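Protein chains in written order, with this note's numbering: chain G, 310 to 573; chain Y, 828 to 1075. Following: one structure in structure tokens, then a few remarks.
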Amino acid sequence: MAEIISVKDLTKRFKALTAVDNISFTVEKGEIFAFLGPNGAGKSTTIKMLTTLLNPTEGKMTINGFDPQEDQNQVRQSFGIVFQDPSLDDELTAWENMKLHAVLYQVPAKEQNQRIGEMLRFVELWDRKNSLVKTFSGGMKRRLEIARGLLHHPKILFLDEPTLGLDPQTRNHMWEYLKRINKAEQMTVFFTTHYMEEAEKIANRVAIIDHGKIVAMGTPEQLKTQTGKKTLEEAFLALTGKTIREEEASPLDALRARRRMHHH
Amino acid sequence: MNTAYILWLRQLKRYFRSKPRVIGSLAQPLLFLVSFGFGFGSIYQKAGNGNYMEFLAPGIILMSVLFTALFSGIDVIWDRQFGFLKETLAAPVSRMAIMLGRTLGGATVASLQGIVVFLLTLLVGFRPQNIVMVLASFGIMFLVAVMFTSLGTWIASTMEDMQGFQLIMNFLVMPIFFLSGALFPTEGMPKFMLLIARINPLSYGVDAIRGTLIGVSTYGIHLDMVVLLLVTAVFLVCGSYSFSKIQV
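Structure (structure tokens):
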């Protein structure tokens, strides 16, 4: 199989803080790859560098054969992204947000309305298509963002904590759909999460990241064998010296979830 | 071009959906127009300068264009804080087109504002010289709007937070306005103020709009246009460059 993402010795420093510390990994075409780690581990910073939004301090990256710093446009044509923090225009309707995205991502004009309709029905927002996004709940906004990220059928889909603030039913629904297009279109999925079961059930391979470093990488099975543990959770504890549960309830996280729920 | 168009449309939609913004942005020019116009009118006339409202109205029209245009840069910071900026910056389109769409959108809003203020000036007794030149003055409003929207976007692209932007704006906007000849003639000013008025691009906008609306011009419409076009081009280029370098 061919590598679609390759990262070598990638580092990002913000003044005194080293957010990403000399990481290297590759993702194969058609793979579902997860970054598993607590908040502040460097997951979002890595995604920002891969998606041309942030320049690295050091290191080499290739996305779909292109360099995110040199060939920004080719790289941007290769991926779709669902950000961790809200990224919708609250003053526009659901439909208008989708339309804007369709134009920005050059979905052929003839297909735009049909695809937008399909995606809005899929995330069950079709009856609210003409409502302003500011009237939506946090979960509805999240669903709209996911629908938007899938609108243009990208080669690689980046999802930064995609299921944060979603109820389990919607979460399952979303992953089923993603796995379907992953199979049908060979779409590569790169997601970050701090939900163990999500990494274990969904990802082909998982990289465990902590304090900006990749501490282990492999299939969930390999990680369990490597540490001699029965569950990924125990393997995580063995590798990082902490459970992810305590991180789950971190104040920043609670704040994020609240912001999503009550954001206006 | 689709990119620029859809972002232009977005700016307009956002503007028209925000009723307080529409009303609030008309209150200030009206206040200036009434209090200055009627307050200083008689003194101006006694000094032998003629009808003050005639002198003031074009200046107030451009004031509202200036304020709206410069402050529309704040949308960039707003979008950064609410996250929407990422959505546009990660898109596979040139940032030049994004910047252009946003800027023309902001400039269109500012020009519409100028036109509404123009209608308000008619209510308080302003009479332009002829109707064809009124249309020409709309063109000048748009040019001035593009110039200051680009400047606002340029400054906003280099800032992370609202406070910094507000601070710089307050430092910029009042001197630009007061030393442009919008409120009082620049001829009688002390040398150093005159110098500032001469390098202030708004002075040429005020002069051009007065030229079209009441037929009085100090620098001549040709010089006005050359300066306005040149400065607009510089601000657009610098704004685009700075916008294209934004990291989030």
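Just so you know, even glycine gets a beta-carbon here, dropped at the ideal spot from N, CA and C. Note that the structure is predicted; figures quoted are calculated from it, not measured.
task: Mind listing the chain Y neighbours of residue 390 of chain G? Cutoff is C-beta to C-beta under 7 Å, in chain order.
output: 917
message: Counting C-beta neighbours from all protein chains within 10 Å, is the total for residue 318 of chain G 16 or more, i.e. buried, or is it exposed?
response: exposed
- prompt: From the beta carbon of residue 841 of chain Y, is the nearest beta carbon of chain G less than 8 Å away?
  reply: yes
query: What residues in the stretch 360 to 375 of chain G have a beta carbon less than 8 Å from any beta carbon of chain Y?
result: 360, 361, 362, 363, 364
message: Between the alpha carbons of residue 870 of chain Y and residue 1011 of chain Y, how many angstroms are there, rounded?
response: 12 Å
Separation of residue 978 of chain Y from residue 1088 of chain Y, as counted between CA atoms: Outside the shown range of chain Y (828 to 1075) lies residue 1088 of chain Y, about which nothing can therefore be said.
- prompt: Can you find a C-beta in chain Y that's less than 8 Å from the C-beta of residue 386 of chain G?
  reply: yes
- prompt: If you measure from the beta carbon of residue 446 of chain G to each beta carbon in chain Y, is any gap under 8 Å?
  reply: no
- request: Could you name each continuous alpha helix (DSSP H) segment of 4 residues or more that falls completely within the stretch 372 to 439 of chain G, going from the start of the chain to the end?
  value: 381 to 387, 403 to 413, 418 to 431
field: Local conformation of residue 516 of chain G per DSSP, three classes
entry: strand
- prompt: So which residues on chain Y does residue 400 of chain G lean against when the C-beta distance must stay under 7 Å?
  reply: 841, 844
message: Considering Cα atoms alone, identify which of G:457, G:518, G:513 is closest to residue 503 of chain G.
response: G:518
- request: Just tell me which of G:344, G:322, G:440, G:424 has its CA closest to the CA of residue 251 of chain G.
  value: Given a span of 310 to 573 for chain G in the structure shown, any question on residue 251 of chain G remains unanswerable.
- request: Look up residue 474 of chain G in the DSSP assignment and say whether it is helix, strand or coil.
  value: coil
task: Under 6 Å Cβ to Cβ from residue 376 of chain G, same chain only, skipping five residues before and after it: list those, please.
output: none
message: So that I know if they touch, is there some Cβ in chain Y lying closer than 8 Å to that of residue 396 of chain G?
response: yes
field: CA-to-CA distance, residue 349 of chain G to residue 416 of chain G, given in whole angstroms
entry: 35 Å
- request: Within its chain, find whatever has a CB closer than 7 Å to the CB of residue 462 of chain G; leave out the 5 residues flanking it on each side and keep chain order.
  value: 494
query: Whose C-alpha, out of G:457, G:480, G:335, is nearest the C-alpha of residue 315 of chain G?
result: G:335
- prompt: Which word fits residue 445 of chain G, buried or exposed, when buried means at least 16 other C-beta atoms lie within 10 angstroms of its C-beta?
  reply: buried
- prompt: At a CB-CB cut-off below 9 Å, which residues of chain Y make contact with residue 414 of chain G?
  reply: 918, 919, 920
message: Can you pull the chain G neighbours of residue 822 of chain Y, defined as C-beta to C-beta under 9 Å?
response: Any question about residue 822 of chain Y goes unanswered here, given that chain Y covers just 828 to 1075.
message: Helix, strand or coil for residue 508 of chain G? Go by DSSP, reduced to three states.
response: helix
task: Pick out whichever of Y:922, Y:1021, Y:973, Y:910 has its Cα sitting closest to the Cα of residue 1070 of chain Y.
output: Y:922
- request: Starting from residue 501 of chain G, follow the beta strand (DSSP E) in both directions and report where the run begins and ends.
  value: 497 to 502
message: Distance cutoff 8 Å, beta carbons only. Does residue 439 of chain G sit that close to anything in chain Y?
response: no
query: So, are the CB atoms of residue 897 of chain Y and residue 996 of chain Y less than 8 Å apart?
result: yes
task: Check the DSSP bridge columns for residue 343 of chain G and list the partner residues they point to.
output: G:500, G:515
query: Where do the N-terminal and C-terminal ends of the beta strand (DSSP E) with residue 335 of chain G fall, by residue?
result: 326 to 337
- request: Just tell me which of Y:968, Y:984, Y:935 has its CA closest to the CA of residue 832 of chain Y.
  value: Y:935
task: Please list the residues of the stretch 894 to 912 of chain Y that have a C-beta atom closer than 9 Å to any C-beta atom in chain G, keeping them in chain order.
output: 906, 909, 910, 911, 912
- prompt: With respect to the beta strand (DSSP E) encompassing residue 318 of chain G, which residues constitute its N-terminal and C-terminal limits?
  reply: 312 to 323
Supposed close pair residue 362 of chain G, residue 1075 of chain Y - CB separation, criterion 8 Å: 5 Å
task: Compare the C-beta of residue 548 of chain G with all C-beta atoms of chain Y and state if any pair is closer than 8 Å.
output: no
- prompt: Roughly how many angstroms lie between the CA atoms of residue 475 of chain G and residue 448 of chain G, to the nearest whole one?
  reply: 6 Å
task: Per DSSP, which residues does residue 469 of chain G bridge with? Please list them.
output: G:501
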